[in-house]
Amino acid sequence: MILQRPAVTVENVQLAERTFRIRLEQPEIARSIRPGQFLMLRIPETTDPLLGRPFALYDTVLDSGGEPVGLDVVYLVVGKMTTHLMAVKAGEPIEVWGPLGNGFPKFPNIDQVTCVAGGIGQTPFLAYVRELLGTRGYAGQPAVRQVNKVSLYYGVRSAGFAAGVEDFRQAGCDVRLASDDGTVGTKGFVTQLLAADKPAGPFVGCGPEPMLKALAKLTASWNASCHVSLETPMACGFGACFSCVTPVCTPAGRDYKRVCVEGPVFDAATLAWD
Amino acid sequence: MDIDLKVRLGRLDFRNPVLVASGTFGYAREMADLVDFQQLGGIVPKTVTSASRPGNLPPRTVETPSGLLNAIGLDNDGIDHFLEHHLPYLTSLPTAIIGNVAGKTEDDFVELAQKMGQAKGMAGVELNLSCPNVSGGTDFATDPAITKRIVDRCRAVCPHPLIAKLTPNIANIVPIAKAAADGGADAVSLANTFLGMAVDWRRQKPVLGNITGGLSGPAIKPLVLRIVWQVAKANILPIIAVGGIATLDDVMEFLVTGASAIQIGTANFYDPTASVRIVDGLPAAVASLGAGSVREIVGTLKRQA
Chain A
529 MILQRPAVTV ENVQLAERTF RIRLEQPEIA RSIRPGQFLM LRIPETTDPL
579 LGRPFALYDT VLDSGGEPVG LDVVYLVVGK MTTHLMAVKA GEPIEVWGPL
629 GNGFPKFPNI DQVTCVAGGI GQTPFLAYVR ELLGTRGYAG QPAVRQVNKV
679 SLYYGVRSAG FAAGVEDFRQ AGCDVRLASD DGTVGTKGFV TQLLAADKPA
729 GPFVGCGPEP MLKALAKLTA SWNASCHVSL ETPMACGFGA CFSCVTPVCT
779 PAGRDYKRVC VEGPVFDAAT LAWD
Chain B
2 MDIDLKVRLG RLDFRNPVLV ASGTFGYARE MADLVDFQQL GGIVPKTVTS
52 ASRPGNLPPR TVETPSGLLN AIGLDNDGID HFLEHHLPYL TSLPTAIIGN
102 VAGKTEDDFV ELAQKMGQAK GMAGVELNLS CPNVSGGTDF ATDPAITKRI
152 VDRCRAVCPH PLIAKLTPNI ANIVPIAKAA ADGGADAVSL ANTFLGMAVD
202 WRRQKPVLGN ITGGLSGPAI KPLVLRIVWQ VAKANILPII AVGGIATLDD
252 VMEFLVTGAS AIQIGTANFY DPTASVRIVD GLPAAVASLG AGSVREIVGT
302 LKRQA
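Protein chains in written order, with my numbering: chain A, 529 to 802; chain B, 2 to 306.
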């Protein structure tokens, strides 16, 4: 059930270079969202910026009794909306609608899942790690361990941009870092690190399109299952505008699918990467 | 307070003047969680064409100051799919459904109108004579003779009330509205989007895959108010205003300017429950003008400021 609700900002703290985590009090949406789904956030009482913007769920926030009461969103400041968002203070309202999109696949009875993130693409994986390892349940589902091990391969341009690494480690995830300039982890692209390690799949990726394309190619060469979470320019987030389409391969040829409702998570093998 | 919200435009009857615009409400299914359809005056689902169209190359939208530039390109699965898969759901909803069609040619419009005309449960058909994002799309409603001919020929094959959705990308819209009336339209929708463009100078490229797109949102509201006023004072035919309407104040502005009904468009994207909240607030706003019905306030703009 998609809900449009006002939310109150609880805190808005810096995690890394140009990277912030905003915590919103919104119990109704927090109770129904699951990992890999997203939210649209909008600054109220202005028409510039006009549209909401899609943000992955970082994780839900629980009260002392373990009930979901809030939403954490981690964002990189890149444009007009995120510049506004960065200035939002505790107590101020944000308009939210969600939960949106399909969410990450569930993998019962699989030994290991490997998440691959680039840039700000780590943000959807924290809740997923907790769901897979059974330390958290979402959308009213009980916490059930689905896999033995979850790894995160995480590439950043430079050490200062690595955000939330401790959150992932505390969640029980094995984190392997790569950076463009070698200031943290292995120097080079995260897909190069992945190719060198060749960990077990299935794989789930999120990040810039060239990275996802390289990931899809690499995992295809291993005959491994790979899902990717896409981000495209989006006006509504719930399937009405037909803006956010991505090209897919179908038996009848090429078609477009809406990232907001038919995604954002797609089987990488179904996407038209060229 | 018992305010009569009902409006009549030609053969069209709506329970209230708040409709939602084509291309901004999907096929209504997408909005089912967010909007109580029973509250709406009507729904205009996304434009359908004869054959399925993949739509334009992404990026298809870009935000501009208080505006949205789009070039979706009439992405749809064609009229037969619409009639089979979307219409049964739409006509099951407790509100008026206005089918919306766009032809590539005049004959194409007639064929689409005929198919819509044979379908049951529809309150009317809106002819999209003005999509700016497909080849030939804007040409129809820039020529009065063609506008009249298409409406007339559609009228001959379609028993449903007809609405002509016109383009604002023209110096004087009044002759086009007259042509639509002469062709037998029950109402005009004023107006479609304004042709625009966005550029990324760092990459030295247009932002949209289609290069140009149609501008909508609050940025265009004054432009559309001017168009509605021009057509209203010529007293040609009932007007459905569409363009930048997002709040109750916007709705009231268009009603007093001379629109008998309005469509919420881009606001459905960024404030999906806006339409319902506007309907909730409408009786009090009408009453504040000392009127007992929406009909009484339509076109009550005084000449001087």
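The C-beta atom is built at its ideal place from N, Cα and C for all residues, glycine as well.
Boundaries of the beta strand (DSSP E) in which Gly-118 (chain B) is found, first to last residue: No beta strand (DSSP E) holds Gly-118 (chain B); the alpha helix (DSSP H) holding it covers 107-119.
Chain B contacts from the segment 743-776 of chain A (Cβ-Cβ distance under 9 Å): Thr-760, Pro-761, Met-762, Ala-763, Cys-764, Gly-765, Phe-766, Gly-767, Ala-768, Cys-769, Phe-770, Ser-771, Cys-772, Val-773, Thr-774, Pro-775
Neighbour flag for Ile-99 (chain B) against chain A, beta carbons, 8 Å: no
Contact between the segment 85-96 of chain B and the segment 112-125 of chain B (3+ Cβ pairs under 8 Å): yes
Other residues of its chain near Tyr-586 (chain A): CB distance less than 6 Å, five sequence neighbours each side excluded: Asp-600, Val-601, Val-602, Thr-651, Leu-654
Asn-269 (chain B): contacting residues in chain A (beta-carbon distance under 8 Å): Cys-764, Ala-768
Chain B contact for Arg-562 (chain A) (CB, 8 Å cutoff): no
Beta-bridge partners of Val-126 (chain B), as assigned by DSSP: B:Gly-100, B:Leu-163
Status (buried if at least 16 other CB within 10 Å, exposed otherwise) for Pro-133 (chain B): buried
Segments assigned alpha helix (DSSP H), at least 4 residues, entirely inside the segment 690-744 of chain A: 693-698, 718-725
Distance CB(Asp-702 (chain A))-CB(Ser-686 (chain A)) smaller than 8 Å: no
Residue-chain proximity (Trp-801 (chain A), chain B), Cβ-Cβ < 8 Å: no
For Ser-276 (chain B) and Val-36 (chain B), believed in contact at Cβ under 8 Å, the rounded distance: 6 Å
Contact list for the segment 70-82 of chain B against chain A, Cβ threshold 8 Å: Asn-71, Ile-73, Asp-76
Cα-Cα separation, Lys-608 (chain A) to Pro-577 (chain A): 7 Å
Cutoff 8 Å: Pro-621 (chain A) Cβ touching any chain B Cβ: no
Contact check, Met-739 (chain A) vs Gly-646 (chain A), beta carbons under 8 Å: yes
Given 8 Å, three or more beta-carbon pairs between the segment 732-749 of chain A and the segment 24-41 of chain B: no
For Gly-282 (chain B), the three-state DSSP class (helix, strand or coil): helix
Chain A within 8 Å of Leu-226 (chain B), Cβ atoms only: no
Residue span of the beta strand (DSSP E) that contains Phe-15 (chain B), given as start and end: 13-15
Proximal residues to Thr-610 (chain A) (C-beta, below 6 Å), its chain only, five neighbours per side dropped: Tyr-603
C-alpha distance - Leu-249 (chain B) paired with Met-117 (chain B), whole-angstrom precision: 32 Å
Nearest-angstrom beta carbon gap, Gly-626 (chain A) and Cys-734 (chain A) [assumed within contact, 8 Å]: Going by Cβ atoms, the distance from Cys-734 (chain A) to Gly-626 (chain A) rounds to 17 Å, so no, they are not a contact pair.
Tyr-28 (chain B) (DSSP reduced to helix, strand or coil): coil
Cβ-heavy atom distance, Arg-227 (chain B) to the ligand HEM, below 7 Å: The ligand content of the structure shown is nil, which means the ligand HEM is not present either.
Limits of the alpha helix (DSSP H) - the one that Leu-613 (chain A) falls within: 608-614
Touch test, the segment 151-168 of chain B against the segment 96-110 of chain B, Cβ-Cβ under 8 Å, three pairs minimum: yes
Three-way DSSP call (helix, strand, coil) for Ser-757 (chain A) in this model: strand
Min CB distance Leu-613 (chain A) to chain B below 8 Å: no
For Asp-5 (chain B), three-class secondary structure by DSSP: strand
Nearest residue (CA-CA) to Lys-7 (chain B), options B:Ala-29, B:Gly-74, B:Ala-262: B:Ala-262
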